[in-house]
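> Residues in the sequence shown are numbered consecutively from 44, following our numbering.
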Amino acid sequence: MIVVFDIGNVLVRWDRRYLYAKVFDDQERLERFLATALGMDFVSHTDVAKDFAGAVAARAKSFPEFAKEIHMFHERWIETLGEPIEENVALMRRLRASGKPVYALSNFAHETFALAERRHDFLSEFDDRVISGHVGFVKPDTGIYEILFDRAGRQPSELLFIDDSLPNVRASEVLGMPAIHYRPGMDLEKELVARGAFG
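Next comes the structure, spelled out in structure tokens:
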């Protein structure tokens, strides 16, 4: 079995609000900004864009009211990244130490993943990493899962995927890869043991 980890909010906390709660004084305006100008659909677009800075600049032109704040998504992206989820990082390392291959499958722009890797050195410890900005597909697109299967050299049923996004989990299961829908406070070790990951 290969255990495949998502990164954001499985191994490292990530939230646009970590940055923008410091930027906006008006809560209503912040919510409007996050729902429109910097919605998760746009974040997903940047996760696969070849030019992260260019995508952000183009978005700023489309939302002149929030242009300054949108540019911050490029200039201060690192402030959206939180602390490691230490118990899950420890599980990842235990799996590797037990001889299990451990992969990453995650949505990051090429540029933002480089920033995250400099901040958190454990992101270099995977046996392989399939990152949206590197491969040109973003979860839950089928293409990114197919790249994972090809690189793993295994049938989907021989992998176990952990992700905090239900659409990503469902896409995985449709393709035959078992998955755990991770949520804050979940006993991930118990789930992994139940799925035979430590067997």
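All C-beta atoms, glycine included, are put in the ideal place defined by N, C-alpha and C. In this text the structure is predicted, and so the values were computed from the model without any measurement.
1. Which runs of the alpha helix (DSSP H) spanning at least 4 residues fall entirely within the stretch 117 to 199, listed in chain order?
2. Applying the criterion that 16 or more other CB atoms from any shown protein chain within 10 Å of the CB defines a buried residue, is T79 buried or exposed?
3. In whole angstroms, give me the CA-to-CA distance for R137 and K143.
4. Across which residues does DSSP place D206 in a beta bridge pair?
5. Is it the case that the stretch 168 to 183 contacts the stretch 58 to 73, given that we only count it when at least three CB pairs across the two stretches are under 8 angstroms?
6. Please give me, in chain order, every unbroken run of the alpha helix (DSSP H) with length at least 4 that falls completely inside the stretch 71 to 122.
7. Considering R56, what are the terminal residues of the beta strand (DSSP E) in which it resides?
8. Terminal residues of the continuous alpha helix (DSSP H) containing V236?
9. Any idea if R102 is buried or exposed, counting beta-carbon neighbours within 10 angstroms, 16 or more meaning buried?
10. Reducing DSSP to helix, strand and coil, say where V243 ends up.
11. Determine whether the beta carbon atoms of R282 and V132 lie at a separation below 8 angstroms.
Reading from the atomic positions:
1. Counting only runs of 4 or more, we get 129 to 140, 153 to 162, 175 to 178, 185 to 195.
2. exposed
3. 9 angstroms
4. Partner(s): H224.
5. Remark: fewer than three beta-carbon pairs, one from each stretch, lie closer than 8 angstroms, so the stretch 58 to 73 and the stretch 168 to 183 are not flagged as touching.
6. 83 to 89, 95 to 105, 110 to 118
7. 55 to 57
8. 231 to 237
9. buried
10. There is no way to answer for residue 243, as the model of the chain reaches only from 44 to 242.
11. Residue 282 lies beyond the residue range present for the chain, which begins at 44 and ends at 242; the question has no answer from this structure.
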